[in-house]
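>
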Amino acid sequence: MFKFNKKFRLTFQTKIIFFVTLITFITLVIVSISTYTILHNSVEESVGNYTLKVAQILSKMDVVEETLKAPPKNNNLQSSYENYLKEVSTSDQIFMVLINQEGLRYTHPNNNLIGKHITGDDINEALNGKTYISKAKGISGTTIRTFVPIVDSNTNKQIGVISIGISQSNLTAVAKEYVQSLFFWILVTLLIGFLASIILSKRIKKVLHGFEPNEIASLFREKDAILESMSEGIIAIDNDQRIILVNKSAQKLLSLEKYLAGKKVDEITVFKSIFSYINKISPGESIEILVNNIIILANYYPYLSDNKKELGMIVTFRDITEVQEMANKLTGVEQYIDGLRAKSHEFMNKLQTLSGLIELKQYDKVHAYIAQTTHKQQEIMTFFKDRIKEPKITGLLLGKFQQAEELHIDIVFTPGSYLGVLPKNIPVNSIALVLGNLLQNAMDALVETQNGEIHLTILDSPDSIKIVVEDNGAGINSSVKDVIFIKGFSTKGEERGIGLHLVKYHINHILNGSIIFDSVLEEGTSFFITIPK
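Printed below as a string of structure tokens:
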């Protein structure tokens with residue numbers, strides 16, 4: 001519509017003022033034109049009805065009959081009619097014309113036209129006895145004229161027509177005069193509209209925090225891009241529990257349809273489940289929730305208005321297996337470092353032994369010692385290769401074996417132990433988490449125990465996987481047996497107490513299995529896990 005130099009840009013506030021004022025002005029112009037048209041038509045109708053009544057009264061007067069029976073040229077009669085018309089008329093602009101059946105004028109405001117034929121075709125019907133109001137162009141310009149037949153009271157025959165009218169220019173002048181009287185109020189209204197637009201623009205600018213529309217659009221695109229690029233699922237709802245936003249990660253993770261905005265939380269089964277848990281925690285606190293056979297780690301924060309009024313909440317969550325994979329990576333690095341440290345100590349000891357044998361020139365014993373060491377290492381690798389078919393589990397157990405060796409703890413595999421390739425419904429990460437935590441707990445229990453031993457049994461059958469982890473540690477006190485699986489409980493100090501909680505959670509909710517334990521003080525503890533296939 002309007003083109004401006006790029007260096008000169010109208011602000012949003014200026015645009016609002018301009019367009020509101022322009023709309024107000026256009027509205028006033030339209031209203032003024034409409035008022036003028038309606039008023040003009042109303043005046044025409046009123047004048048027409050008024051002149052019709054006057055003409056009907058005059059047509060029945062004896063003097064009118066007498067005038068039409070006399071010759072057309074009679075200035076005295078013309079003068080008397082004009083005087084009479086002034087008495088019955090509210091305007092000096094109204095005129096009267098008497099016409100006989102031949103169309104000759106008997107009276108007229110212009111004396112020169114008396115005795116001459118009337119102009120215009122609109123008199124024809126009046127000469128035939130009809131009464132009506134006409135708008136036509138004559139010698140005096142366009143006029144509104146009333147025609148009423150005049151009938152001889154003796155013969156009851158029509159002897160002429162009386163016409164009373166007013167020039168349309170006079171009516172237009174009346175209408176214009178009225179509209180001009182409104183001009184002051186039009187200016188006042190325009191000024192009020194201008195002031196209102198300023199107030200409105202300031203209010204809108206305040207609501208928009210001073211941003212221009214293009215800046216808001218840019219911020220919206222940036223926000224949208226950020227939300228859609230996040231790996232965390234995000235759900236935003238208002239105080240009426242209506243969904244405002246669901247990002248792509250949430251849609252993908254929870255297998256949701258695309259368009260959910262405006263729906264109630266209760267209408268979506270998955271959301272109903274999630275929010276039943278969310279409502280139990282405080283803002284910022286995390287909770288694990290099982291939905292669609294996956295565990296998500298979720299939390300929420302309320303979002304507030306400028307006056308700190310709560311408008312709704314934003315829930316963020318992610319698949320806990322992703323968190324666990326990250327933890328597994330970190331744990332794998334830690335295990336690798338622990339393994340390297342253990343191997344470093346082991347090889348230092350072995351090198352010192354070899355160094356001593358070489359100095360004593362006992363070369364046969366050197367060869368025998370090297371063969372014994374490599375044979376033992378080869379036995380361990382062969383054992384895992386034959387018995388454990390999941391690489392992740394193999395890596396985990398090797399790391400735990402090395403860690404236990406450094407702590408002078410023996411991990412003993414029960415004869416017949418075997419683990420094949422896991423079916424798709426059993427996540428290898430969950431098995432690794434269960435084994436890793438149980439072995440770590442067993443090693444922690446044996447740190448201060450001489451001749452510590454851990455017996456590990458893994459039995460893989462067509463129907464289930466059974467795992468048994470036994471240690472000969474101090475055992476678990478009967479006073480805490482009922483709480484060892486509770487999140488946060490630990491006998492090892494702060495920032496612990498999550499391992500057994502995760503073990504039970506994964507076994508019960510992800511692996512659909514069971515876990516029980518038996519413990520005797522000063523004899524040890526055994527954990528028994530059954531995982532159906």
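When the letters of the sequence shown are read in order and numbered with the working numbering, they come out as residues 1 to 533. All C-beta atoms in this analysis are idealised placements derived from N, C-alpha and C, irrespective of residue type, glycine included.
For the stretch 237-254 against the stretch 307-323, do three or more pairs of beta-carbon atoms, one drawn from each stretch, fall closer than 8 Å, so that the two count as touching?
yes
> Should residue 276 go down as buried or exposed, given a rule of 16 or more other Cβ atoms within 10 Å for buried?
Result: exposed.
> For residue 98, which of helix, strand or coil comes out of DSSP?
Correct three-state label for residue 98: strand.
> How about residue 190 and residue 25: do their beta carbons lie closer than 8 Å?
yes
> Quick one: is residue 23 buried, meaning 16 or more other Cβ sit within 10 Å of its Cβ, or exposed?
Of the other Cβ atoms in all chains shown, fewer than 16 fall within 10 Å of the Cβ of residue 23; this residue is therefore exposed.
> Please look up how many angstroms separate the CB atoms of residue 184 and residue 21, rounded, as I've assumed it's under 8 Å.
No, residue 184 and residue 21 are not in contact; Cβ-Cβ is about 18 Å, not under 8 Å.
> Report yes if the C-beta distance between residue 407 and residue 469 is below 8 Å; otherwise report no.
Remark: C-beta atoms of residue 407 and residue 469 do not approach each other more closely than 8 Å.
> Could you check where the beta strand (DSSP E) with residue 315 kicks off and where it finishes?
310-319
> Would you report the Cα separation of residue 515 and residue 465, rounded to the nearest angstrom?
12 Å
> When the distance is taken between beta carbons, is residue 428 closer than 8 Å to residue 388?
no
> Mind listing, in chain order, the continuous alpha helix (DSSP H) runs of no fewer than 4 residues lying wholly within the stretch 262-318?
269-278
> Look at the Cβ atom of residue 167, then the Cβ atom of residue 65, and state whether they are nearer than 8 Å.
The answer is no: Cβ separation not under 8 Å.
> When DSSP labels each residue in this structure, what does residue 48 get in the three-state scheme?
The answer is helix: DSSP assigns residue 48 an H, G or I state.
> Given residue 526, which residues of its chain have a CB within under 6 Å of its CB, disregarding the five upstream and five downstream residues?
Hits under 6 Å: 470, 518.
> So, for residue 523: in the same chain, excluding its five sequence neighbours on each side, which residues have a beta-carbon less than 8 Å away from its beta-carbon?
472, 475
> Shortest alpha-carbon distance to residue 27 belongs to which of 249, 229, 187, 245?
187
> By DSSP, does residue 453 sit in helix, in strand, or in coil?
strand
> Looking at C-alpha atoms only, which residue of 255, 219, 147, 459 is the closest neighbour of residue 293?
255
> Terminal residues of the continuous beta strand (DSSP E) containing residue 520?
514-520
> Helix, strand or coil: how does DSSP classify residue 391 here?
helix
> Going by beta-carbon coordinates alone, are residue 437 and residue 503 separated by less than 8 Å?
yes
> If you compare alpha carbons, which of 56, 505, 442 is closest to residue 132?
Of the candidates 56, 505, 442, the one whose C-alpha sits nearest the C-alpha of residue 132 is 56.
> Look up residue 117 in the DSSP assignment and give the residues it is bridged to.
104
> Just how far apart, CA to CA, sit residue 495 and residue 262?
With a pLDDT of 40 at residue 495, under the threshold of 50, the modelled position of this residue cannot be trusted; read the value that follows with caution. Taking the straight line joining both Cα atoms gives about 42 Å.
> Given that a residue counts as buried once 16 or more other Cβ atoms are within 10 Å of its Cβ, and exposed if not, what is residue 480?
exposed
> Between which two residues does the beta strand (DSSP E) containing residue 470 stretch?
464-471
> Would you kindly check if the distance between the Cβ of residue 146 and the Cβ of residue 135 is under 8 Å?
no
> By the three-class DSSP mapping on this structure, what secondary structure does residue 14 have?
helix
> Is the beta carbon of residue 150 sitting closer than 8 Å to the one on residue 159?
The answer is yes: Cβ separation under 8 Å.
> Let me check understanding here. Comparing Cα to Cα, which of 267, 197, 449, 509 lies closest to residue 296?
Cα-wise, what sits closest to residue 296 is 509.
> Would you kindly check if the distance between the Cβ of residue 214 and the Cβ of residue 230 is under 8 Å?
no
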